[in-house]
Amino acid sequence: MQINKLFISAVFLLATFSLSADELSESISHFINEKPEGLSYEIDSETLYSSKVLQQFYQNRNYAPAWINSKATIWINSNITPWFNPDSPVRINSDSPAWIESDVPVRINSNVLGKNGYVLLDYIRQVSRHGLHPNDYHLILLEKYIDKTVLFLTMDTEDMMKLDVLLTDAFLFLGLQLYYGKVNSEKEGGNWKIERKEPELQLNLKLEEALAAGDIANGLNMLAPRYRSYWMMKEDLAFFLSLQDEPWPVISCDTTINPGQSNQLLPKIRERLVKLRYKLSENVSGNYDKDLEKQIRMLQKDWGLNADGVIGKGTLLALNTGPGALINRLKVNMERFRWLPLDEPRKYLMVNIANFDLVLIEGVDTLISMRAIVGKDYRETPVFNALMTYIVFSPSWTVPPTILRNDVIPELLKDPEYLEKKNMKLLRSNGSEIAYNQIDWSKISGNNFPYMVRQNPGSANALGKVKFMFPNSYNVYIHDTPSRGYFARDDRAMSSGCIRVEKPFELAELLLADSPEWPPAKIYTAMQQKREQTANLITPVDVLLIYLTAWTDGNGRVQFRKDIYVRDKLILNALNQKSEPEEIKVIPF
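Numbered continuously in my numbering, the sequence shown closes out at residue 880.
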């Protein structure tokens, strides 16, 4: 075997380079302090994301490098006895057969970066598993300087300074986006109004803590959402990323396929299900057997479809949705998780608008889940959080302005008996009742109606027998409904913005479980009355009205839902844009 001694000699000459820690600190100080006021820092024409926090971070460590190992040694792996100067910083591992003949470079290792630096670099390389883009965190430029350390190209003090500062800026900006999200939730989030109420993020302190602990990965992980679903979604995203280059031919079928039937497409459907991690025995027949039916029903549940086992348009659409589209869906919804309060509340009630459901969660347990009816696409249920403080049994209903203007007033103008039919009454602004025939209806319109309309408690009341109150500026609440048949529908975007629930009695019972004044029998009786009764919650409960079109459930199954309010695309477009420099928030010491 011929050793390329010319290459090795060049390697040796460059590997004898040494670096003074004082020189590097001086270079960092010069870079940090010589920036003209009002301009951003730049390295090789690439703008850094922060100014003040970089200054504070390096000033508080006396400009010492955070990532560079100034006492670096270099290893060349070889089974050949070294002919290098034994006093050089080059070290040879004679146990590793790594010499390669011809002009192929030998395998070499460098510890110019300490462990923390390599961990951060690896984290950035894999950040697509968080639904973020590695190049947003200087990866191309970082790789350029890392290659210099590995290939022993000329690496002077300024290069080392640039590498150190780039890594610092990358950590700070990545930490910021894991904590707050990349996309502006108010601008591109589709009227997202969930308040976080988190303490101001002190990223320079977080970085110092991670460096001191020698655990950069954990330092970044602790800035990401702490919801179980988020971390399971990360694993699901990694799976679909592994499929993104695979062919995904469309499976077309003009008819439905029922359990027990035969069809030549069934082997392809089986193959597709296996690719999507559904468990099927090896069977290449064209028969729709019980084993296949079970997995088709599972797929249908995972997509929010009617799990009837019939392979129709909706099921084929799910099977034909390729990895690229699923990756995008997961990316968008992991970003939504980053807009949530950092910690999952101990006990909370969550409505996922896109899933038409309500769940009450305590710790790791789901206490109850039920179907829900949410706002129509032109009367969307808003996304926000609040605190549920009381419940009203046998409620009356004061018609909200939008429904009054668009729905009730037109009916009143057409039908004088409408009020009686709906068990409603007209009220003046002071709350006193006014008769229908006391009003000059020729002067009334949707924009000119100085009265209120209130529906009395009863079986026909639009709010049903109970409403759950979490005071908010949207006048949105959760309530029962007399129209029970609508819960059987798959698409339940049918309300004017409030949330109707399938199991109101069971929900009230759970929410009042710690209140001895409200045993189940009393709750039931209160729901049958002709007058309102209010029950205050001893322990208020967090309410989260959220919009997720993908998530991983408590059983570890990834779920996909229709984007009923058409909000995903705007977020995806913003995620795919290059991040703009933005001053990272920091509290001064």
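Note that CB positions come from ideal geometry on N, CA and C, so glycine has one too.
Alpha carbons only, please: which of the options is nearest the one belonging to residue i?
i       : options                               : result
Gln-493 : Leu-649, Asp-634 and Gln-347          : Gln-347
Asn-646 : Leu-339, Ala-865, Phe-851 and Ala-312 : Phe-851
Asn-353 : Glu-328, Gly-329 and Ser-320          : Ser-320
Phe-684 : Asn-360, Ser-318 and Phe-796          : Phe-796
Asp-335 : Leu-345, Val-344 and Phe-322          : Phe-322
Glu-900 : Lys-869, Lys-860, Val-655 and Ser-870 : Residue 900 lies beyond the range of the chain shown here (292 to 880); nothing can be said about it.
Ser-787 : Asn-714, Ile-694, Gln-820 and Ala-804 : Ile-694
Lys-581 : Leu-596, Leu-465 and Arg-561          : Arg-561
Ala-501 : Phe-462, Tyr-470 and Arg-519          : Phe-462
Leu-884 : Asp-313, Lys-406, Ala-357 and Leu-454 : The structure shown does not extend to residue 884, since the chain is modelled only from 292 through 880, so no value can be given for it.
Gly-405 : His-424, Gly-505 and Leu-498          : Gly-505
Val-642 : Ala-784, Met-818 and Glu-724          : Ala-784
Arg-670 : Ile-725, Cys-789, Gln-552 and Asn-611 : Cys-789
Leu-717 : Asn-747, Tyr-777 and Asp-698          : Asn-747
Glu-823 : Arg-775, Val-690, Val-757 and Ala-804 : Val-757
Leu-703 : Ala-726, Gly-613, Asn-827 and Ile-644 : Ala-726
Ala-547 : Ala-508, Glu-449 and Gly-600          : Note on identity: in this sequence residue 547 is Thr, with Ala being the wrong assignment. Residue Gly-600 is the option with its Cα nearest to Thr-547.
Ser-553 : Asn-578, Ile-587, Tyr-569 and Glu-537 : Asn-578
Val-456 : Asn-512, Phe-759, Ser-316 and Glu-526 : Ser-316
Thr-843 : Asp-731, Lys-622 and Tyr-332          : Lys-622
Pro-550 : Ile-602, Ile-507, Tyr-521 and Met-523 : Ile-602
Gly-780 : Gly-737, Glu-337, Leu-839 and Ala-663 : The amino acid occupying residue 780 in the given sequence is Arg; Gly does not appear at that position. Minimum Cα distance to Arg-780 is reached at Ala-663.
Asn-407 : Leu-498, Glu-333, Asn-475 and Ser-476 : Leu-498
Asn-827 : Ser-750, Pro-810 and Ser-806          : Ser-806
Quick one: give me the first and last residue of the beta strand (DSSP E) that residue i is part of.
i       : result
Asp-648 : 648-653
Thr-825 : 824-837
Ile-682 : 674-684
Gly-666 : 656-666
Tyr-639 : 638-643
Ala-508 : Segment 507-512 is the alpha helix (DSSP H) holding Ala-508; no beta strand (DSSP E) there.
Gln-746 : 743-746
Gln-850 : 849-851
Ala-841 : 841-843
Ala-784 : 784-786
Phe-759 : 757-760
Whole-angstrom Cβ separation of residue i and residue j, contact assumed at under 8 Å?
i       : j       : result
Val-240 : Phe-761 : In this structure the chain extends from 292 to 880, so residue 240 is not present and cannot be described.
Val-418 : Tyr-409 : Not a contact, Cβ separation roughly 15 Å.
Met-625 : Gly-422 : 4 Å
Leu-571 : Leu-564 : 6 Å
Val-832 : Met-679 : 5 Å
Leu-801 : Val-792 : Leu-801 to Val-792, Cβ: 12 Å. No contact.
Lys-343 : Ser-870 : Lys-343 to Ser-870, Cβ: 18 Å. No contact.
Ala-841 : Arg-620 : 4 Å
Leu-534 : Lys-566 : 7 Å
Pro-673 : Asn-426 : Incorrect: roughly 35 Å between the Cβ atoms, too far for contact.
Thr-448 : Ser-318 : 5 Å
Tyr-414 : Leu-511 : 6 Å
Gly-613 : Trp-522 : That belief does not hold up - the Cβ atoms of Gly-613 and Trp-522 are roughly 24 Å apart, past 8 Å.
Tyr-518 : Leu-631 : 7 Å
So residue i is in the alpha helix (DSSP H); what residue range does that whole segment cover?
i       : result
Arg-563 : 557-566
Thr-459 : 448-471
Val-410 : 406-416
Trp-261 : Limits of the chain in this structure are 292 at one end and 880 at the other, which puts residue 261 out of reach.
Lys-813 : 811-817
Arg-487 : Looking at the DSSP string, Arg-487 is not in any alpha helix (DSSP H), and its letter there is neither H nor E.
Val-344 : 343-350
Ile-587 : 581-593
Ile-790 : Here Ile-790 belongs to no alpha helix (DSSP H); instead the beta strand (DSSP E) covers 790-792.
Lys-860 : 859-867
Pro-795 : 795-802
Pro-614 : 614-629
His-321 : 312-324
Closer than 6 Å: is that where the CB of residue i sits relative to any heavy atom of the ligand ZN?
i       : result
Gly-600 : Among the components of this structure there are no ligands whatsoever, and the ligand ZN is therefore not found.
message = Counting beta carbon pairs with one atom in the stretch 862-869 and one in the stretch 489-505, are three or more of them shorter than 8 Å?
response = As far as the Cβ criterion goes, the stretch 489-505 does not touch the stretch 862-869, which means the pair count is below three.
Within the chosen definition, does the stretch 605-616 reach the stretch 739-757 through at least 3 CB pairs nearer than 8 Å? Taking 8 Å as the limit for Cβ pairs, the verdict is that the stretch 739-757 does not touch the stretch 605-616.
Taking contact to mean 3 or more Cβ pairs, one atom from each stretch, closer than 8 Å, check whether the stretch 684-699 and the stretch 753-772 are in contact. Yes, since at least three Cβ pairs between the stretch 684-699 and the stretch 753-772 fall closer than 8 Å, the two stretches touch.
query = What are the complete beta strand (DSSP E) segments, minimum 3 residues, inside the stretch 681-730?
reply = Taken in chain order, the whole beta strand (DSSP E) runs of length 3 or more contained in the stretch 681-730 are 715-718.
Check your understanding: Within the chosen definition, does the stretch 838-854 reach the stretch 582-597 through at least 3 CB pairs nearer than 8 Å?
Key -> Taking 8 Å as the limit for Cβ pairs, the verdict is that the stretch 582-597 does touch the stretch 838-854.
ask   = Does the stretch 655-665 come within contact of the stretch 704-718, defined as at least 3 CB pairs closer than 8 Å?
value = Too few Cβ pairs lie closer than 8 Å, so no.
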